[in-house]
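Novice:
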Amino acid sequence: MRVERIADNKVRIFITYDDLDERGIERDEIWQNGRKVQELFWDMMEHAYLEVGFEVGGPVAVEAFTMPTEGVVVVVTRLPGLPNSVEREAVLDEEELELDTETPDPFGAFTFVFQDLEDVIRAAHSLAQYEGVGGTLYHYRGRYHLFFDEEEIGEEMYDTFWSILHEYGELSSTTKAMLDEYGKRVMDGNAIPTIIAHFPLQK
1 MRVERIADNK VRIFITYDDL DERGIERDEI WQNGRKVQEL FWDMMEHAYL
51 EVGFEVGGPV AVEAFTMPTE GVVVVVTRLP GLPNSVEREA VLDEEELELD
101 TETPDPFGAF TFVFQDLEDV IRAAHSLAQY EGVGGTLYHY RGRYHLFFDE
151 EEIGEEMYDT FWSILHEYGE LSSTTKAMLD EYGKRVMDGN AIPTIIAHFP
201 LQK
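So for the sequence shown, this note's numbering puts the first residue at 1; every next one is plus one.
#1: Can the beta-carbon of residue 48 be found closer than 8 Å to that of residue 3?
#2: CB residue 73 to CB residue 65, shorter than 8 Å?
#3: Mind checking which residues open and close the beta strand (DSSP E) that includes residue 30?
#4: For a quick check, are the C-beta atoms of residue 11 and residue 54 less than 8 Å apart?
#5: Work out the CA separation of residue 5 and residue 138 for me, nearest whole Å.
#6: How far does the beta strand (DSSP E) with residue 16 in it reach, from first residue to last?
#7: Exposed or buried, which one is residue 67 when buried takes at least 16 other CB atoms within 10 Å?
#8: Report the three-state DSSP secondary structure of residue 79 (helix, strand or coil).
#9: When burial is assigned at 16 or more other CB atoms within 10 Å of the CB, is residue 127 buried or exposed?
#10: Give the C-beta separation of residue 191 and residue 134 to the nearest angstrom, bearing in mind that I take them to be a contact with Cβ-Cβ under 8 Å.
#11: My output table needs one value for residue 150: the three-state DSSP class, helix, strand or coil.
#12: Excluding the five sequence neighbours on either side, which residues of its own chain have a C-beta within less than 6 Å of the C-beta of residue 51, listed in chain order?
#13: Which residue or residues does DSSP assign as beta-bridge partners of residue 71?
#14: Check for me: the beta strand (DSSP E) holding residue 172 runs from which residue to which?
#15: Kindly give me the distance between the Cβ atoms of residue 164 and residue 123, rounded to whole angstroms, as I take these residues to be in contact under 8 Å.
#16: Need the endpoints of the alpha helix (DSSP H) that residue 122 sits in, please.
#17: Assign residue 61 to one of two classes, buried (16 or more other C-beta atoms within 10 Å of its C-beta) or exposed (fewer than that).
#18: Measure how close the beta-carbons of residue 174 and residue 145 come, nearest whole angstrom, since I'm counting them as under 8 Å.
#19: Relative to the C-alpha of residue 143, which candidate in 71, 149, 179, 157 has its C-alpha closest?
#20: Can you check which of these residues, 63, 148, 184, is closest to residue 214 by C-alpha distance?
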């Protein structure tokens, strides 16, 4: 288990499948509100407090999504008060835990976020050898988000693609619906070949 503080009120927690196995939690059980999952959550909060000083003192919002081979990523945000509505998030207190995800399918659609366009360009050129991969590029909250539909990448190529993309960006929990609604679509469905054609890789 690894904890990373990404804001004053937010932490990202990486849970390996070995961590789940050690706690007797099946992969499908992570999406259920069972006793073992609740115990795992409070174990995560203890690690977050000890490692980065993140303390839960009220309602929090939890987002979780899987990575094909690495495990589960959980993002916990401390809220100032109960919101009227939290899209695609689960609000919990000390008595209840729910992990919400767009899909528990590890081979579904996914989005990677990049700090700047140069990182996107380098990632695109690293994927140049793979034909038929398009991708949709968005600009949202000052960063670039590259979305891939599940039909674009075969299951056998997921690990390769994730490894390449992780060199330049990080997996994003922002949904396509959110990007369509609030982001700016820069390249629709053909981002990778378009970037390769118009942005030569800088030496």
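Heads up, the beta-carbon is just placed ideally off N, CA and C, and yes, glycines get one too.
Specialist: This is what the structure gives:
#1: yes
#2: yes
#3: Neither: residue 30 is in no beta strand (DSSP E) and is coded neither H nor E.
#4: yes
#5: 25 Å
#6: No beta strand (DSSP E) contains residue 16, which DSSP labels as neither H nor E.
#7: buried
#8: coil
#9: buried
#10: 6 Å
#11: coil
#12: 3
#13: 67
#14: 170 to 172
#15: 7 Å
#16: 117 to 126
#17: buried
#18: 6 Å
#19: 179
#20: In the structure as shown, the chain starts at 1 and stops at 203, and residue 214 therefore has no counterpart that could be examined.
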